[in-house]
Amino acid sequence: MSLVCAISNEVPEHPCVSPVSNQVFERRLIEKYIAENGADPMNGQPLSEEQLIDIKVSHPIRPKAPSSTSIPAILKALQDEWDAVMLHSFTLRQQLQTTRQELSHALYQHDAACRVIARLTKEVTAAREALATLKPQAGLVVTQAVASQPHVTAGGAGEPMEVSEQVGMIPEIIQKLQDKATVLTTERKKRGKTVPEELVRTEDLSKYRQVATHAGLHSASVPGILSLDLCPSDTNKVLTGGADKNVVVFDKKEEQIIATLKGHTKKVTSVIYHPSQSVVFSASPDSTIRVWSVTGGNCVQVVRAHEASVTGLSLHATGDYLLSSSEDQVTQTHTQNICTHTWIWMSRTLCKDNFYLRSPPLSLLFIASLFSLHQYWAFSDIQTGRVLTKVTDEAAGCALTCAQFHPDGLIFGTGTADSQIKIWDLKERTNVANFPGHIGPVTSIAFSENGYYLATGAQDSSVKLWDLRKLKNFKTITLDNNYEVKSLVFDQSGTYLAVGGTDIRVYICKQWSEVLNFTEHTGVVTGVAFGEHAQFLTSTGMDRSLKFYSL
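Quick note: the sequence shown uses the UniProt record's numbering, first residue 1, plus one each step.
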């Protein structure tokens with residue numbers, strides 16, 4: 001049996017053996033490998049030329065080396081090249097083997113990870129089912145967590161009394177809401193589909209231009225007007241809320257500030273002007289809703305319906321109640337209560353007589369954390385400052401971003417941070433319809449005075465129109481890429497729809513064609529509003545300006 005080199009797989013001319021791996025090599029090849037790597041090619045252990053042991057075999061005597069110009073010299077050069085190729089080929093085989101082993105290890109790891117994920121998913125599903133079975137007990141915990149204890153706190157100098165007590169939707173209040181809705185519905189039917197004679201015609205509206213601008217209403221050090229509203233009974237009175245934490249009442253006709261209302265500790269994101277009283281409302285991320293007297297220039301009520309930022313505000317048609325939405329969250333204590341009660345119930349159910357309490361498993365703690373964020377809206381009495389009811393949507397896992405009453409006042413809509421529009425029944429305090437379709441947080445919603453249409457805007461640069469009778473989207477206005485929709489408003493007749501954001505656009509309803517476009521603001525437009533019979537249009541923006549447009 002002849003010797004074979006472990007590198008070239010050929011019979012060696014000068015065979016030697018490595019004491020490290022006990023393999024036979026061609027001395028010429030192994031010396032070159034040791035010179036480059038300093039290790040045995042088979043197992044990678046350190047090896048030097050002195051350690052190699054020659055193997056004595058019989059072989060013919062080689063002739064003397066010929067000159068470099070002879071054919072034997074060429075053959076010798078080819079032999080050297082062949083040796084180099086063999087070394088390279090051997091190195092590639094080693095690397096290929098190592099790569100195969102690493103790939104095999106990675107595949108086993110991936111398979112193990114998939115099995116772990118499948119097992120955890122199964123545990124999560126089982127925990128969800130257990131929690132759903134425990135729904136009555138869980139609902140009890142939520143009620144205790146949401147309900148606030150009645151307390152009255154005396155404010156400081158110039159501050160009103162702060163009352164936070166949930167009275168509840170008593171029959172007298174529900175009847176009052178129903179009576180007002182009946183009156184409004186009857187009036188709407190009498191008006192029918194006729195358009196007021198005083199309403200500006202489309203051809204005239206398209207000729208509107210900027211006629212006035214005011215930049216001194218709010219502080220220049222904290223620029224930005226974030227909210228806008230007009231007094232329904234006198235649209236010459238303009239209400240704004242700014243990033244400077246102030247609420248300003250401005251007279252359009254006299255071009256002067258009527259009142260500057262200070263009290264919020266953070267920016268003012270929502271404002272409303274009462275239709276029949278000299279009273280305005282404001283909301284802020286400082287979690288408070290304030291009721292202000294315009295004539296007195298002071299705060300008369302502080303409604304503390306929420307613990308986190310107030311994101312939406314809407315006045316009921318009666319003028320006596322406020323709807324508010326927020327980013328409120330369930331506390332960690334509530335999450336732990338749900339988890340603990342669920343685990344106790346599971347232990348009692350599964351173990352029966354052999355009941356013993358142990359700590360909940362990790363998967364159940366994970367499920368409980370899924371319910372740590374709920375949506376809240378509150379319904380408050382502006383006369384007493386008391387919260388009549390506060391409702392949480394346990395099916396949701398994100399904050400409310402806006403809220404708006406339907407003109408009749410028996411239903412209202414809310415927008416969420418996960419692109420959903422939800423319609424609620426106020427009397428029953430239940431979610432009666434959902435409108436999916438947007439992508440990204442909903443930034444604004446507006447009901448038409450006709451009672452049938454709902455306009456919604458979101459961060460997907462689109463405005464969607466919904467038919468409340470058929471509960472479906474019947475029109476989508478696609479705006480420019482990266483268009484920011486910040487404000488939506490119908491005029492009092494429901495004939496025109498204004499969109500404020502990157503610029504100002506006005507559409508005529510039913511045809512939904514663009515009538516005009518304003519780009520005078522140098523910052524994002526945060527609010528738009530129509531004057532009486534759309535005789536003028538007003539807007540506010542982050543450029544700290546209040547602008548008016550008309551013929």
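We put the beta carbon where it would ideally sit given N, CA and C, even for glycine.
Note that the structure is a prediction, hence the values are computed from the model and not measured.
Ranked by Cα distance from residue 514, the first of 431, 265, 257, 203 is 203. By the CB criterion at 8 Å, residue 226 and residue 294 fall outside the cutoff. Residue state for residue 267 is assigned as coil, using DSSP reduced to three classes. Going by DSSP, residue 540 is part of the beta strand (DSSP E) stretching over 537 to 541. Distance from the CA atom of residue 196 to the CA atom of residue 383, rounded to whole angstroms, is 34 Å. Here the alpha carbon of residue 89 sits roughly 12 Å from the alpha carbon of residue 81. For the 8 Å CB-CB criterion, residue 404 and residue 435 do not form a contact. Cα atoms of residue 172 and residue 479: separation of roughly 46 Å, rounded to the nearest angstrom.
Around the beta-carbon of residue 517, fewer than 16 other beta-carbon atoms lie within 10 Å, marking it exposed. For residue 208, the three-state secondary structure derived from DSSP is coil.
Boundaries of the alpha helix (DSSP H) harbouring residue 27: 27 to 37, taken from the DSSP string. DSSP places residue 423 in the uninterrupted beta strand (DSSP E) bounded by 421 to 425.
Between the segment 453 to 462 and the segment 410 to 428, the count of Cβ pairs shorter than 8 Å is three or higher; the stretches touch. Taken through DSSP and simplified to helix, strand or coil, residue 82 comes out as helix. Taking a C-beta distance under 8 Å as the contact criterion, residue 508 and residue 496 qualify as a contact pair. Proximity to residue 302 across 262, 328, 230 peaks at 262, based on C-alpha coordinates. In chain order, 25, 26, 29, 30, 33, 41, 86, 87, 90 place their CB closer than 8 Å to the CB of residue 7, counting only its own chain and leaving out the 5 sequence neighbours on each side. The straight-line gap separating the alpha-carbon atoms of residue 298 and residue 292 is approximately 6 Å.
Residue 551 sits in coil when the DSSP states are folded into three classes, being neither helix nor strand. Bounds of the alpha helix (DSSP H) holding residue 187 are 171 to 191. Inter-residue distance for residue 99 and residue 43 is about 16 Å (C-alpha atoms, whole angstroms). With the rule of 3 Cβ pairs closer than 8 Å, the segment 111 to 124 does not count as touching the segment 47 to 61.
Beyond the five residues adjoining it in sequence on each side, residue 326 comes within less than 7 Å, by CB distance, of 306, 308, 309, 310, 311, 376, 400 in the same chain, given in chain order. Around the C-beta of residue 504, 16 or more other C-beta atoms lie within 10 Å, and the residue is accordingly described as buried. When secondary structure is reduced to three states using DSSP, residue 98 falls in the helix class. About 14 Å separates the beta carbons of residue 524 and residue 488, which is beyond the 8 Å limit, so they are not a contact pair. In the assembly as shown, residue 104 is an exposed residue. Its beta-carbon has fewer than 16 other beta-carbons within 10 Å.
Burial state of residue 132 is exposed, judged by a 10 Å Cβ sphere holding fewer than 16 other Cβ atoms. The continuous beta strand (DSSP E) containing residue 261 extends over residues 256 to 262. Our two residues, residue 253 and residue 177, have alpha carbons roughly 35 Å apart in a direct line. With contacts defined by Cβ atoms closer than 8 Å, residue 317 and residue 451 do not form a contacting pair. Taking a 10 Å sphere around the C-beta of residue 425, we find fewer than 16 other C-beta atoms and assign the residue as exposed.
Judged by DSSP in its simplified three-state form, residue 382 adopts coil rather than helix or strand.
Secondary structure of residue 514 (DSSP, three-state): strand. 322 is the residue among 11, 439, 322 whose C-alpha sits nearest the C-alpha of residue 406.
Per the DSSP secondary-structure output, residue 508 pairs in a beta bridge with 496, 513.
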